[in-house]
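Residue numbers (my numbering): 411 to 643.
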Amino acid sequence: MLKALITGGTRGIGWAIADQLCQDGLVVTVVGSKPRGAGPHGSDYWGCDLSKRDQVKQLAKKIKKTGFDILINSAGINKIGELEKYTLNDFERVHAVNVVAPFLLCQSVIPLMKKKKYGRILNIASIFGSVSKPGRSAYSTSKFGLLGMTRALALEVAPLNILVNCLAPGFIDTDMTRGVLGASGMAQISRQIPMRRFGTAQEIAKVAGFLVSNDNSYITGQMIVADGGFTSA
Ligand code: NAD
Numbered sequence: 411m412l413k414a415l416i417t418g419g420t421r422g423i424g425w426a427i428a429d430q431l432c433q434d435g436l437v438v439t440v441v442g443s444k445p446r447g448a449g450p451h452g453s454d455y456w457g458c459d460l461s462k463r464d465q466v467k468q469l470a471k472k473i474k475k476t477g478f479d480i481l482i483n484s485a486g487i488n489k490i491g492e493l494e495k496y497t498l499n500d501f502e503r504v505h506a507v508n509v510v511a512p513f514l515l516c517q518s519v520i521p522l523m524k525k526k527k528y529g530r531i532l533n534i535a536s537i538f539g540s541v542s543k544p545g546r547s548a549y550s551t552s553k554f555g556l557l558g559m560t561r562a563l564a565l566e567v568a569p570l571n572i573l574v575n576c577l578a579p580g581f582i583d584t585d586m587t588r589g590v591l592g593a594s595g596m597a598q599i600s601r602q603i604p605m606r607r608f609g610t611a612q613e614i615a616k617v618a619g620f621l622v623s624n625d626n627s628y629i630t631g632q633m634i635v636a637d638g639g640f641t642s643a
């Protein structure tokens, strides 16, 4: 049975992806920031604060030892603020979780995937990894970076049947969105989305489930956008 590791699997998009993979019959481990926590029914839980490099290195060692066929980097944070006033600490924290952790975790899964000549890596990026908005300098830098890393890595491991992609959601109704935009912000943005609504975590999970499955045998190095038409408008 294929083994999958999903960061940020305790809520939101990561939780929905983990749930989808459990339903698909995979062996699923989720990573959350607290020492104790839980993902969906049927998954294992490992704690790691991905903003702390020493903890990520420990997690990477554990992953290397266990071996996974699928890695999904879904954990991510966003703090909106004008670049002029943004603190370096906040900038570095966003990058620690959104870029440095995925980098170290990708490194840790590749050796076994190479041995098996099979692997699927999916990085959850964002539409703000190809377009942006005021106040998103840290978040956009991290998601543009994640896309660049995905493309380069995909080329390095493509001959070994390891497929590496980004999934870029638009506006999805999760704790993160509610925290960042608030109810009035969400209502305003809904009117700007061609489909006139936010996406659901389950809709993103369906796409993710396909990208990391055997049914995806030829898509690699891509950013798949699921945004209700937002970036085409
Ligand atoms: P969320 O805030 O609902 O969940 C984030 C998850 O990341 C949680 O499980 C949380 O525990 C984990 N996490 C955060 N900081 C962590 C840390 N330091 N260590 C370990 N785990 C940590 O967010 P979401 O909306 O589900 O977002 C998931 C991913 O999708 C993120 O990468 C986000 O950037 C991306 N995304 C979300 C949206 C959206 O509209 N919600 C849109 C585009 C992209």
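Glycine included, every Cβ here is placed at the ideal spot set by N, Cα and C.
Check	Outcome
Heavy atom of the ligand NAD within 7 Å of T630 beta-carbon	no
M523 classed as buried or exposed, judged by whether at least 16 other C-beta atoms fall within 10 angstroms	buried
Beta carbon of G555 nearer than 8 Å to that of V617	no
Backbone secondary structure at P569 - three-state DSSP	helix
Straight-line Cα distance separating T417 from V438	11 Å
Given 8 Å, three or more beta-carbon pairs between the region 475 to 492 and the region 514 to 531	yes
Contacts around K467, its chain only, beta-carbon distance under 7 Å, and the 5 residues preceding and following it disregarded	L514
The beta strand (DSSP E) enclosing L532, as first and last residue numbers	529 to 534
Candidates G477, D459, S536, A548, of which the one nearest Y496 by Cα	A548
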